[in-house]
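**Q**
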Amino acid sequence: MGKIFIVFIALSIVGCVQKAIPIKSQVSENIILFIKQTVLPVAFEYSSAVIDGSITPYDKEKKPMTGHPGYLHSENIVFSKMVNDYIKMKFSDIDSKAPDKIKINLSDFWLEFTYPHSGGYMTLAVLGGGEVTTIITAHIEIKTEILKDGKIYKKTFPISADDSHIQGYGTGTRTSYVHQGYESQEYKIASAINSANNKAIILLNQFIDSL
């Protein structure tokens with residue numbers, strides 16, 4: 560499928576103006592139920608290589624979609640709040656001078672867009688009426704370093720989560736999110752990011768509990 564056509568499809572959905580992704584910063588209630596609090600003191604440090612602002616989706620080969628206007632995101636702020644909220648729920652005594660330390664780094668974040676239908680199908684949908692599905696995958700990577708009882712434990716977590724958006728064109732769009740008044744593509748992107756962030760909290764909690 561030509562890159563020019565993919566850009567045309569993207570622009571027909573998002574337009575030419577950058578839109579903000581409404582990412583939520585809440586840790587899932589289902590995750591909170593499984594957090595076992597500890598009274599041991601711990602020092603905590605969060606850092607990030609991700610800068611909030613503009614983000615352009617990638618294709619499946621992790622190449623930027625040329626010509627796509629991109630989106631505005633706040634993943635660093637959101638994930639930082641989620642991690643800090645989790646640490647406060649997990650440890651009742653957070654002390655910067657404690658011998659045991661936890662360092663968490665948000666090392667990468669990107670969006671991947673793929674289209675399950677052929678270029679011919681999508682052309683007919685756009686020009687003659689129909690639907691185009693976009694599979695949205697949010698990718699994040701976190702690097703964790705834990706100092707416990709004098710030993711250092713390190714682990715990197717590559718995490719991804721999917722959602723999908725259906726754009727309707729013309730008539731015959733019964734399952735279209737636009738036709739039914741469902742969430743815009745930005746909300747479906749946010750849903751994928753929220754799922755990835757919560758997966759990260761789950762893996763982090765499991766890693767801490769395993770030590």
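Sequential numbering of the sequence shown, starting at 560, is according to the numbering used here.
Even glycine gets a Cβ: it sits at the ideal position worked out from N, Cα and C.
(1) If you measure between the beta carbons of residue 670 and residue 616, is that distance less than 8 Å?
(2) Taking one C-beta from the stretch 582-589 and one from the stretch 630-640 each time, how about it: are there three or more such pairs within less than 8 Å?
(3) Since residue 641 contacts residue 601 with CB under 8 Å, what's their CB separation in whole angstroms?
(4) Whole angstroms are fine: how far does the CA of residue 709 sit from the CA of residue 745?
(5) State the DSSP-derived secondary structure class of residue 657, mapped to helix, strand or coil.
(6) How big is the Cα-Cα spacing for residue 713 and residue 649?
(7) If distances are taken between C-alpha atoms only, which option among 692, 754, 750 and 756 comes closest to residue 728?
(8) So the alpha helix (DSSP H) residue 726 belongs to, where does it begin and stop?
(9) Does the distance from the CB of residue 696 to the CB of residue 721 come in under 8 Å?
(10) For the beta strand (DSSP E) holding residue 602, just list the boundary residues, first then last.
(11) Name, in chain order, the residues that DSSP records as bridge partners for residue 627.
**A** The structure says:
(1) yes
(2) yes
(3) The pair is not a contact, with the Cβ atoms about 18 Å apart (cut-off 8 Å).
(4) 45 Å
(5) coil
(6) 19 Å
(7) 692
(8) Residue 726 -> not in any alpha helix (DSSP H); beta strand (DSSP E) instead, spanning 710-728.
(9) yes
(10) 602-607
(11) According to DSSP, residue 627 bridges with nothing at all.
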